[in-house]
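Beneath this line is the structure, given in structure tokens, with notes to follow.
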Ligand code: FES
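Structure representation (structure tokens):
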């Protein structure tokens, strides 16, 4: 069987975690739900790029992938916010204070994890492990992974977005 597997959408090393899940299942289409879980846990949400990549890798029609992603309530599609802040709540990050980051951002911007602020500027999300435990606590600001983040730093970065765009 000759099947060249597509390359990940970017060289973000979080894709390796997703690839490992697919590999473990021999790139079988039955691994769809588990693979989507893996994307969600490492990125915090599912976006079009990820859904296309998973569809191609598992050779499943894109419509079916979208179907699964929107049918199950435990999946979150890419949030509507102009900016996204994904706080890792995996064990290493949790121990090093990730909940304080979530609490600080939540309180300051009146947004719960998984939600977007009323003005549509910021979506706050959580992930289970970004695969960068050495950087704990890790936070992804608009796709860029930052390590050893304090609540103050998180508020500062987000504050810059909020001020710039207004
Ligand atoms: S637990 Fe946060 S990166 Fe692994």
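In the working numbering, the protein residues as written are 10 to 175.
Ideal placement from N, C-alpha and C gives every residue a C-beta, glycine not left out.
Should residue 152 be counted as a contact of the ligand FES given a C-beta to heavy atom distance under 7 Å? Within the chain shown, the letter at position 143 stands for residue 152. Checking every heavy atom of the ligand FES against the Cβ of residue 152, none is found closer than 7 Å.
Endpoints, the beta strand (DSSP E) within which residue 179 is located: With the chain represented from 10 up to 175, any question about residue 179 goes unanswered, as that position is not in the structure.
Determine the DSSP secondary structure at residue 74, reduced to helix, strand or coil. Mapped onto the chain shown, residue 74 falls at position 65. Correct three-state label for residue 74: helix.
Let me check one thing: in DSSP terms, what residues is residue 86 bridge-paired to? Start at 1 with the first residue of the chain shown, and residue 86 comes out as number 77. Partner(s): 55.
Could you check whether the Cβ of residue 141 sits closer than 7 Å to any heavy atom belonging to the ligand FES? For the purposes of this step, residue 141 is taken as residue 132 along the chain shown, with counting starting at 1. At least one heavy atom of the ligand FES is nearer than 7 Å to the Cβ of residue 141, so yes.
Do the region 131–140 and the region 49–56 meet, that is, are 3 or more Cβ pairs less than 8 Å apart? yes
To the nearest whole angstrom, what separates the beta carbons of residue 28 and residue 17, a pair I think is in contact under 8 Å? What you label residue 28 is simply residue 19 of the chain shown in a count that begins at 1. What you label residue 17 is simply residue 8 of the chain shown in a count that begins at 1. 7 Å between Cβ atoms; contact.
So, are the CB atoms of residue 64 and residue 70 less than 8 Å apart? Taking the chain shown and counting its residues from 1, one reaches residue 64 at position 55. Taking the chain shown and counting its residues from 1, one reaches residue 70 at position 61. Yes, these two residues count as a Cβ contact at 8 Å.
For the putative contact between residue 147 and residue 97, defined by C-beta atoms under 8 Å, what is the C-beta separation to the nearest angstrom? Numbered from 1 along the chain shown, position 138 holds the residue referred to as residue 147. Numbered from 1 along the chain shown, position 88 holds the residue referred to as residue 97. The Cβ separation is near 5 Å, so the contact holds.
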